[in-house]
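Single-structure report; data block below.
Numbering (the UniProt record's numbering), first residue to last: 1 to 272.
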């Protein structure tokens, strides 16, 4: 794919890598070397990365992603596993009340270790696959105040995530406008939440639709962050989707770089 030509500094808050080559479903998918090449083609200077889903603890995968990020324009987020099942049904509530936890769940002590390890700059949470954090873990996330990249989708819609997470003083980046896979009504729900939650941000990964993208950027230009969704989407494609929006250039600069630099420290322009 040809290199894009544009005059913007671009950083990406949503990319995934797979540290175990045997777990990649096909050659190149989740490969950090390929991601770095694709970022260069798209003019992306840095990207947040995290490991793919797996059974058991994420400790080894997180450490592997952190090692892979050294010497590359990658910023490692630690993936965390929750101790509560998403959902408001009576069955979900009962299972959450009776759950005793297990050794694979992320603990408050784990959060503190990741937060003060200079290889990690935030956390990744996929509630539908990994569960929701317990209250002690959420309280520790608020204490360390690092951003949490949260998968948003129909399994756990934006209003449910707001009830679970946004009462804590944690910077939350809600992926896919909270609407995977392409649920426009959930995009509207997520955009509306920006009015009342100052530490909520939306990332553009795999949003696709122009109207909600343009609406969110026009109404909340400081709260929308570029995310490619790599490796499922080539960064070139994701960048082009933003470049073709009908929004002011200043707002586009915020989406591509400035907003993310305020939320994720290593994504800010380096000062010399």
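Even glycine gets a Cβ: it sits at the ideal position worked out from N, Cα and C.
Here the structure is a predicted model, which is why all the values come from computation and not from measurement.
Opposing strand residues paired with residue 108 [DSSP bridges]: Here residue 108 corresponds to residue number 108 of the chain shown, with the count starting at 1. DSSP lists no partner for residue 108.
Same chain, Cβ closer than 8 Å to residue 57, neighbours up to 5 away in sequence not counted: To locate residue 57, count along the chain shown from 1; it is residue 57. These residues qualify, in order along the chain: 81, 103 and 104.
According to DSSP, residues forming a beta bridge with residue 153: Translated into the one-based positions of the chain shown, residue 153 becomes position 153. Paired residues: 156 and 180.
Cβ neighbour criterion (16 or more within 10 Å) applied to residue 10: For this step, residue 10 is matched to residue 10 along the chain shown. With 16 or more other Cβ atoms within 10 Å, it is buried.
Beta-carbon spacing of residue 27, residue 17 below 8 Å: Here the question's residue 27 lines up with position 27 in the chain shown. Here the question's residue 17 lines up with position 17 in the chain shown. No, they are not a contact pair.
beta-carbon residue 160 near the ligand FAD non-hydrogen atom, thresh 7 Å: What this structure holds is no ligand at all, so the ligand FAD is not there to describe.
Separation of residue 263 from residue 196, as counted between CA atoms: Here residue 196 refers to the residue found at position 196 when the chain shown is read from its first residue. Here residue 263 refers to the residue found at position 263 when the chain shown is read from its first residue. For the pair residue 196 and residue 263, the Cα-to-Cα distance works out to about 18 Å.
Contact the stretch 117-130 vs the stretch 221-238: 3+ CB pairs below 8 Å: No: fewer than three Cβ pairs fall under 8 Å.
Inter-residue spacing [alpha-carbon to alpha-carbon] between residue 110 and residue 55: Position 110 of the chain shown, counted from the start, is the residue given in the question as residue 110. Position 55 of the chain shown, counted from the start, is the residue given in the question as residue 55. Their backbone Cα atoms lie some 17 Å apart in a straight line.
C-alpha gap between residue 269 and residue 46, whole angstroms: To locate residue 269, count along the chain shown from 1; it is residue 269. To locate residue 46, count along the chain shown from 1; it is residue 46. If you take the alpha carbons of residue 269 and residue 46, they lie about 10 Å apart.
Backbone CA spacing between residue 151 and residue 5 [nearest angstrom]: Here the question's residue 151 lines up with position 151 in the chain shown. Here the question's residue 5 lines up with position 5 in the chain shown. One C-alpha to the other measures close to 30 Å.
Straight-line gap, residue 228 to residue 77 (C-alpha atoms, nearest Å): Here residue 228 is taken as the residue at index 228 of the chain shown, counted from 1. Here residue 77 is taken as the residue at index 77 of the chain shown, counted from 1. Approximately 16 Å, taken between the alpha carbons.
Length-filtered (3 minimum) beta strand (DSSP E) runs lying within the stretch 18-61: 44-51
For residue 123, three-class secondary structure by DSSP: Working through the chain shown from its first residue, we reach residue 123 at position 123. Three-state result, residue 123: strand.
Residue closest to residue 242, alpha-carbon to alpha-carbon, out of 222, 205 and 220: Stepping through the chain shown from its first residue, residue 242 is reached at position 242. Minimum Cα distance to residue 242 is reached at 205.
Environment of residue 131 [buried if 16+ CB atoms lie within 10 Å]: Here residue 131 refers to the residue found at position 131 when the chain shown is read from its first residue. When all chains shown are included, residue 131 counts as buried.
Below-8 Å beta-carbon distance, residue 64 vs any chain D residue: Annotation note: the requested chain D is absent from the structure, which comprises a single protein chain.
Separation of residue 86 from residue 134, as counted between CA atoms: Indexing the chain shown from 1 puts residue 134 at position 134. Indexing the chain shown from 1 puts residue 86 at position 86. Approximately 11 Å between the Cα atoms of the pair.
Residue 224 in three-state terms, based on DSSP: Residue mapping note: residue 224 aligns to position 224 of the chain shown, counting from 1. DSSP, reduced to helix, strand and coil, places residue 224 within a strand of the structure shown.
Residue 240 burial status per 10 Å Cβ neighbour count (16 or more: buried): What you label residue 240 is simply residue 240 of the chain shown in a count that begins at 1. Under a 10 Å Cβ-count criterion, residue 240 is classified as exposed, with fewer than 16 other Cβ atoms of the shown protein chains found around its own Cβ.
Distance between residue 172 and residue 166 (C-alpha atoms, nearest Å): As a first step, residue 166 must be located in the chain shown, where it is residue number 166. As a first step, residue 172 must be located in the chain shown, where it is residue number 172. A straight line joining the alpha-carbon of residue 166 with that of residue 172 spans about 8 Å.
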